[in-house]
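Trainee: Just dropping this structure here.
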Amino acid sequence: MIYLVGGVGTVIAAVGQHLWVALTASLAVVFTAYLAYRSTEGTLTLYNRTATYLTNVETWWASLTPKQKEITTFVDQKESTTFVDLVVSMTEETLKNERIGWTQHMESALEQLKEKEEEGGN
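Counting in this note's numbering, the sequence shown runs from 76 upward without gaps.
Laid out in structure tokens, this is it:
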């Protein structure tokens, strides 16, 4: 909505209706404030960080060579328990950090709710 309202404001400015530009700018500010109120930026940051990290793990896994020559034998890296354990632990760590972030967010929300209830009861 912010981009849409900004684009409309640009078109309105281009046709010379400068008075209406203030309205579109105000609407963009309202939508931005609403997103800040809903903590959308923090949520998207957490999602993007987790998605990027998991994509990096997947890319690393895909880049492992099918065969790696060791002294006299060939070992399939993807079947090596060391690599499998490493991928599992990196993925679990990422998901654990995501869960911790959400838990902290939920605890903060509950504390704020309790404070509001206490203020309302007094």
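Where is the CB? At the ideal position from N, CA and C, for every residue including glycine.
1. With a Cβ-Cβ cutoff of 8 Å, do Ala37 and Val86 count as a contact?
2. Is Gln92 helix, strand or coil by DSSP?
3. With burial defined as no fewer than 16 other Cβ atoms inside 10 Å of the residue's Cβ, what is the status of Gly84: buried or exposed?
4. CB-CB under 8 Å to Ser114, same chain, minus the five flanking residues each way: which ones, in chain order?
5. Under 8 Å, do Thr118 and Ile77 count as touching if we go by C-beta distance?
6. Please state whether DSSP places Leu161 in a helix, a strand or coil.
7. Buried or exposed for Thr99, please, with buried defined as at least 16 other CB atoms from any protein chain shown within 10 angstroms of its CB.
8. Pick from Leu94, Thr120, Leu129: whose alpha carbon is nearest that of Glu167?
9. Taking the alpha-carbon positions, what's the Asn131 to Thr169 distance?
10. Considering only their Cβ atoms, is the gap separating Thr125 from Glu173 smaller than 8 Å?
11. From Gly91 to Glu116, what does the alpha carbon distance come to, in whole angstroms?
12. So the candidates are Ile175, Leu139, Gly176; which of them puts its Cα closest to the Cα of Phe158?
Mentor: In terms of the structure at hand:
1. Nothing about residue 37 can be read from this structure; the chain reaches only from 76 to 197.
2. Counting from 1 along the sequence shown, the entry for residue 92 is found at position 17. Residue state, collapsed to three classes: coil.
3. The residue labelled residue 84 in the question sits at position 9 within the sequence shown. Label assigned to Gly84: buried.
4. In the sequence shown, the residue the question calls residue 114 occupies position 39. Counting only Cβ-Cβ distances below 8 Å, and skipping sequence neighbours, we find His180.
5. Here the question's residue 118 lines up with position 43 in the sequence shown. Here the question's residue 77 lines up with position 2 in the sequence shown. No; because the gap between Cβ atoms is not below 8 Å, this pair is not in contact.
6. Position 86 of the sequence shown, counted from the start, is the residue given in the question as residue 161. Reduced to three states, the DSSP call for Leu161 is helix.
7. Within the sequence shown, numbered from 1, the residue matching residue 99 stands at position 24. Thr99 is buried by the Cβ-count criterion.
8. Here residue 167 refers to the residue found at position 92 when the sequence shown is read from its first residue. Of the listed residues, the one whose Cα sits closest to Glu167 is Leu129.
9. Along the sequence shown, read from residue 1 onward, the residue named residue 131 stands at position 56. Along the sequence shown, read from residue 1 onward, the residue named residue 169 stands at position 94. Asn131 and Thr169: Cα-Cα distance of roughly 11 Å.
10. Position 98 of the sequence shown holds residue 173. Position 50 of the sequence shown holds residue 125. Result yes, Cβ atoms of Glu173 and Thr125 sit closer than 8 Å.
11. Numbered from its first residue, the sequence shown carries residue 91 at position 16. Numbered from its first residue, the sequence shown carries residue 116 at position 41. Using only the alpha carbons, I get a separation of about 34 Å.
12. Residue mapping note: residue 158 aligns to position 83 of the sequence shown, counting from 1. Phe158 has its Cα closest to that of Leu139, out of Ile175, Leu139, Gly176.
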